[in-house]
Every structure is written in C-alpha cells, then in structure tokens.
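Residue numbers (our numbering): 398 to 629. In this text, a Cβ means the ideal position worked out from N, Cα and C, and glycines have one as well. Okay, structure first, notes after.
Pasting the structure below:
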C-alpha cells in the first residue's frame with residue numbers, strides 16, 4: 398500500500414470508517430476532508446450487485462446534474478455541413494470533420510468530450526484503439542452520437558456527466574466540487590442515486606446497492622447511508 402501523506406492522514410481522522418453517515422452529514426464532511434490546494438472534484442462511488450459481463454447489467458448512460466458538475470468540459474463536435482454552424486452556435490469548443498480525425502490520429506487530445514453525428518462514426522471507428530481506452534468514443538447511450546448537435550452540446554456544457562459500471566460492479570460519478578454548497582452536492586447525489594435505482598436490471602438477484610461513498614480528489618472515502626438519500 399502506498400504511503401499516505403500527512404494531510405491525508407489528518408483528513409482521515411475526521412472520518413469514522415465504521416459509520417454510514419447521513420447524506421447531509423457526508424456532504425458537510427466531504428468539504429472538510431479536501432486535502433488539495435485547488436477546488437477538488439467531489440465523486441460518488443456506488444458498489445452495485447452487477448455482473449458487467451451480462452449485457453443487460455452492463456449499465457452505461459448519462460445524467461444531467463441539477464447543479465452542474467463544476468467543470469467546463471471542452472467539447473469537440475465531429476459533423477459535416479450545416480451541423481457545424483449548429484455546433485458553433487451551441488457553444489462547442491471545436492467543430493469540423495475529417496481534419497479533426499487526422500489531428501487525433503496525430504496525438505491531439507485538447508478536448509474532454511466528442512459529440513458526433515452518425516455519418517462521422519465510420520471515420521471515428523478507425524480511432525477505436527485510441528479513443529476507446531480513454532473513454533472518449535462517442536456512444537448513443539450517452540447521447541454523444543446524435544443528429545441533435547445543439548441539444549447534446551448544451552447538455553454537456555450545463556453539467557451532464559456519464560457513468561459506466563466497471564468489471565467489479567462499481568459506478569463512479571462526478572457530483573460537483575468542494576466549493577459547492579453542501580445542499581447542492583446532496584441534490585446532485587440524489588439525482589444520481591435516483592437514476593441508478595430507476596435503471597436497476599430485472600435480472601439482479603439479492604441486494605442491488607451494496608455500498609455508497611463520497612470523496613474528494615485524493616481525499617478519504619465517506620460511507621453514506623442509502624436510506625438518508627431517499628426523499629420521503
């Protein structure tokens with residue numbers, strides 16, 4: 398195990414690992430356990446009883462957070478003709494077609510998200526080995542392969558985040574920044590929780606949600622009581 402920094406150890410003392418905190422308390426505490434000088438990302442980690450090898454349990458999608466993610470992602474739109482003007486009007490940082498495909502081939506990654514119209518996917522498919530491992534390949538399930546370029550760009554810019562279950566059943570989602578008010582973090586977490594519960598596969602046996610925790614970049618994890626997330 399890697400040696401923990403003094404700041405981490407001090408922050409960890411604030412967290413009782415044997416307690417599942419209420420959502421309100423967890424959001425207050427996560428702001429106090431940030432150990433970075435910058436405005437750290439707050440992330441939600443959810444352990445689900447899923448087997449990603451089964452197609453119906455390989456959950457993947459996107460969520461629009463009510464208070465945004467705290468990030469301003471750089472969006473590249475790959476499309477042709479009039480759709481490029483639509484991308485520009487919507488606020489895309491970069492837009493074009495094959496010239497950007499060539500730039501990516503050459504090692505350029507000055508963007509965070511790619512939105513593509515279906516007619517560009519043939520070209521993008523050639524970059525699968527480059528974009529796939531980085532999680533940058535557009536996908537219809539996350540709304541990044543679409544003819545509605547304007548909607549896609551505006552949603553991403555306003556706080557749309559993606560999620561995907563990993564091999565061990567974990568889902569990790571950005572839910573804001575340390576500078577967010579605790580209640581705004583809580584609202585974003587409730588939105589993610591509600592989405593994951595709504596899309597529970599019918600083939601899941603036993604307990605669906607095993608564990609849920611919140612943490613900051615490089616900070617300690619804080620367990621959350623799922624019952625405290627539900628608005629009654």
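Asked, Found
"Cut-off 6 Å between Cβ atoms - residues of its own chain near residue 541, not counting five sequence neighbours on either side", "512, 535"
"Residue 479 - DSSP class collapsed to helix/strand/coil", "coil"
"Beta-carbon proximity of residue 483 to residue 547, cut-off 7 Å", "yes"
"heavy atom of the ligand FAD below 6 Å from residue 486 C-beta", "The model depicted lacks the ligand FAD and carries no ligand whatsoever."
"Classification of residue 494 by the beta-carbon crowding that lies within 10 angstroms, buried from 16 upward", "buried"
"Element boundaries [alpha helix (DSSP H), containing residue 593]", "579-595"
"Same chain, Cβ closer than 8 Å to residue 622, neighbours up to 5 away in sequence not counted", "417, 418, 419, 420"
"Rounded separation between residue 502 and residue 520 - CA only", "11 Å"
"Residue 472 vs residue 553 beta-carbon contact at 7 Å", "yes"
"Residue environment, residue 497, which counts as buried when at least 16 other CB atoms sit within 10 Å", "buried"
"Cα-Cα separation, residue 480 to residue 533", "21 Å"
"Cβ pair count under 8 Å reaching 3, the region 429-439 against the region 590-597", "no"
"Local Cβ density within 10 Å of residue 600, reported as buried at 16 or more and exposed below that", "exposed"
"Straight-line gap, residue 469 to residue 439 (C-alpha atoms, nearest Å)", "15 Å"
"Neighbourhood of residue 584 by C-beta distance below 7 Å, restricted to the same chain and skipping five residues each side", "463, 464"
"Distance, residue 604 Cα to residue 446 Cα", "7 Å"
"Secondary structure, alpha helix (DSSP H): runs of 4+ residues fully inside the region 476-550", "480-487, 495-502, 518-522, 525-528"
"Endpoints, alpha helix (DSSP H) assigned at residue 403", "403-409"
"Alpha helix (DSSP H) segment containing residue 558, residue limits", "That residue, residue 558, is in no alpha helix (DSSP H); its beta strand (DSSP E) goes 557-561."
"Check whether residue 425 and residue 610 have beta carbons under 7 Å apart", "no"
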